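Structure record follows, encoded as structure tokens.
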Amino acid sequence: MTLTLSSACALHPQVALRPEPFGALAYHYGNRRLVFLKHPDVVRVVRELGDHPSIGHTLRACGIATERDASFLQALNQLTKSEILRVC
Amino acid sequence: MSASQLVTQLKRGLDAPICLTWELTYACNLQCVHCLSSSGQRDDRELSTQQAFAVLDELRDLQVFYINIGGGEPMIRRDFFDIIEYSIAHDIGVKFSTNGAFIDEKNAQRLAAMDYLDIQISLDGIDALTNDPVRGEGSYNIARRAMDNLKAANFGPFKISVVVTRHNVDQLDEFKALADSYGAQLRITRLRPSGRGVDSWNDLHPTNEQQVQIYNWLLAHGENVLTGDSFFHLNALGEALPGLNMCGAGRVVCLIDPIGDVYACPFVLHDQFKAGNVHDTGGFTSVWRDSELFTSLREPESAGACASCGNYDSCQGGCMAAKFFTGLPLDGPDPECVLGHGADLLEARQASPVSITPKPSKDHSKPARSALSVVS
């Protein structure tokens, strides 16, 4: 499925994040996938997704400009595919 | 950030390794002719169980997500299960490499009951005729029995790990079929002239024609076959293979040996690539972050003799260990450079009357068996 601003999702409970200068490493203990989160803003959003009712709410709460919504949705979609995020 | 920007960042090193190889013991029931760590006999200085736990505590604090355990044969250690259970309980996933000798029915069931555990069984031929001359008599049957036991215990998708040589390169399709038949995943890696491989590499390493064969096979199979990103020297042939196109030594990977010495990667067990020991002040963390060796490996490297070749960005000059143990300069072509630049250098070296090839700094091989036994 494709995420929209009104979708709700959260970090998968089996995923750990490790901060790095470029952003973070995300590791999924279940499927053993290692994913590079290549921007600190993406890391902030991913961490907060579970605390807000929707992706849109999270992006606003993290102070992300609306012009960046499309690129964030694309990144979050990819993270859903690799099961770093799960749709709630 | 683009993929190449990420690689640039990774080359500068991370605060902790992405993954780390830990050889638990030099003891081994086999004597493979290409053993990277020249294993055979146990080292008296081997880390104790408590010392191993302390290293794992440190790795957990560093958020190392998983470790690759090897040896020697790691299952020879009496505390093998204690160590892997401690690791997993501290959020460090384990993948371990084994020849399978100790995976009997009972151990297979115990392993199958654990989470966050991967097993890699080494096999270097699709039949005993191909495998056993490299890994030792009976080793093919040992590995297959271990695979049968894991399947019977419903372990799930374990891995079959093959070092590609000139003798098994034609069997890649058969290896894949064998892995499929077990519901396993195939992993193929590059032969390095490290450890006892120093003496066997000349006879085992794939020919230039076979390198092209490996490249095409990998392109056709994509991400369904694991490689540990070990074939990036082949990228000079054209399209890049999947994976990070870079040498991770001391930047994103490293090796801890059975006595706690920390090396840049599993293929360079030599004093020149030893960064420190886990017993040093500040422990593993200081070695990783501050050692002189690792700091220098994170500085921008020079293309050296490869600078004039248009393919350096594709192949990165190949593997540091392969160059070192064949006596080639580190800032020049890989001995298996697919454009033939390494072969020319090797030939010149071998023709020289004073060529000295570095030997591994430690050798735990068992004494050679004599054909004659003395009865008194």
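Sequence order for the protein chains is A and B. If you count by my numbering, then the first sequence holds residues 3 to 90, one letter each, in order. If you count by my numbering, then the second sequence holds residues 4 to 379, one letter each, in order. No residue lacks a Cβ here, since even glycine has one placed at the ideal position from N, Cα and C. None of these values were measured; they are calculated from a predicted model.
Pull the bridge partners of residue i from the DSSP assignment, please.
i        : result
B/GLY96  : B/TYR69
B/ILE91  : Paired residue(s): none; B/ILE91 is not in a bridge.
B/PRO393 : The requested residue 393 of chain B does not occur in the structure, where chain B is confined to residues 4 to 379.
B/TRP220 : Answer is none; B/TRP220 lacks a bridge partner.
B/TRP25  : B/ILE72, B/ILE259
B/ASP121 : B/LYS98
B/GLU140 : For B/GLU140, which the question treats as bridged, DSSP gives no partner whatsoever.
B/LEU229 : B/ARG190
A/LEU87  : A/LEU13
B/GLY43  : B/ALA30
Report the neighbours of residue i on chain A: residues whose CB is nearer than 8 Å to its CB, in chain order.
i       : result
B/PHE68 : ALA18, ARG20, LEU27, TYR29, TYR31, LEU36
B/ILE21 : LEU27, LEU36
B/ASP94 : ALA18, TYR31
Taking the straight line between their C-alpha atoms, what separation do you get for residue i and residue j?
i        : j        : result
B/SER379 : B/LEU33  : Confidence in B/SER379 is poor, its pLDDT being 46 and thus under 50, which makes the residue's placement unreliable; the coordinate value appears in the next sentence. Going from the Cα of B/SER379 to the Cα of B/LEU33 covers about 28 Å.
B/ASN71  : B/VAL97  : 6 Å
A/CYS64  : B/VAL290 : 37 Å
B/ASN110 : B/LEU175 : 29 Å
B/ALA149 : B/TYR185 : 11 Å
B/ARG292 : B/GLN12  : 15 Å
B/ASP130 : B/ARG138 : 12 Å
B/VAL281 : B/MET78  : 22 Å
A/ARG70  : A/VAL47  : 12 Å
B/ARG169 : B/TRP204 : 10 Å
A/ALA12  : B/VAL67  : 23 Å
B/VAL166 : B/ILE191 : 6 Å
B/ASP107 : B/CYS250 : 37 Å
B/GLY231 : B/ARG193 : 9 Å
B/THR360 : B/LEU349 : 11 Å
B/ASP135 : B/ALA278 : 35 Å
B/LYS162 : B/SER355 : 43 Å
B/LEU126 : B/ILE217 : 17 Å
A/ALA121 : A/VAL45  : The structure shown does not extend to residue 121 of chain A, since chain A is modelled only from 3 to 90, so the question has no answer here.
B/SER90  : B/ARG113 : 16 Å
B/LEU120 : B/PHE99  : 8 Å
A/SER84  : B/LEU229 : 17 Å
A/PRO42  : B/GLN8   : 15 Å
B/SER368 : A/PHE38  : 40 Å
B/ALA239 : B/ALA310 : 14 Å
B/CYS318 : A/SER8   : 44 Å
B/ASP64  : A/HIS14  : 21 Å
B/GLN188 : B/SER164 : 9 Å
A/ASP53  : A/THR60  : 8 Å
B/ARG352 : B/HIS344 : 13 Å
A/LEU36  : A/LEU81  : 11 Å
B/PHE235 : B/LEU258 : 20 Å
Span of the alpha helix (DSSP H) holding residue i?
i        : result
B/THR288 : 286–293
B/THR52  : 52–64
B/SER364 : Where B/SER364 is concerned, there is no enclosing alpha helix (DSSP H), given that its DSSP letter is neither H nor E.
B/ARG301 : Segment: none, B/ARG301 is in no alpha helix (DSSP H) and carries neither H nor E.
B/GLU108 : 108–115
B/SER317 : 315–318
B/LYS14  : 6–14
B/LYS326 : 323–328
At which residues does the beta strand (DSSP E) containing residue i begin and terminate?
i       : result
A/LEU13 : 11–13
A/VAL17 : 17–22
Residue i touches chain A at which residues, Cβ-Cβ below 7 Å?
i        : result
B/TYR218 : By Cβ distance, chain A contributes nothing, its closest Cβ being about 24 Å from B/TYR218, past 7 Å.
B/LEU17  : GLU22
B/TYR119 : TYR31
*In chain order, each beta strand (DSSP E) run of at least 3 residues that lies wholly inside the segment 25–83 of chain A*: 25–30, 36–39
*At which residue ranges does the segment 238–290 of chain B contain complete beta strand (DSSP E) runs of 3 or more residues, listed in the order of the chain?*
256–259, 264–266, 277–280
*Which residue spans inside the segment 153–203 of chain B form an unbroken alpha helix (DSSP H) run of at least 4?*
175–185
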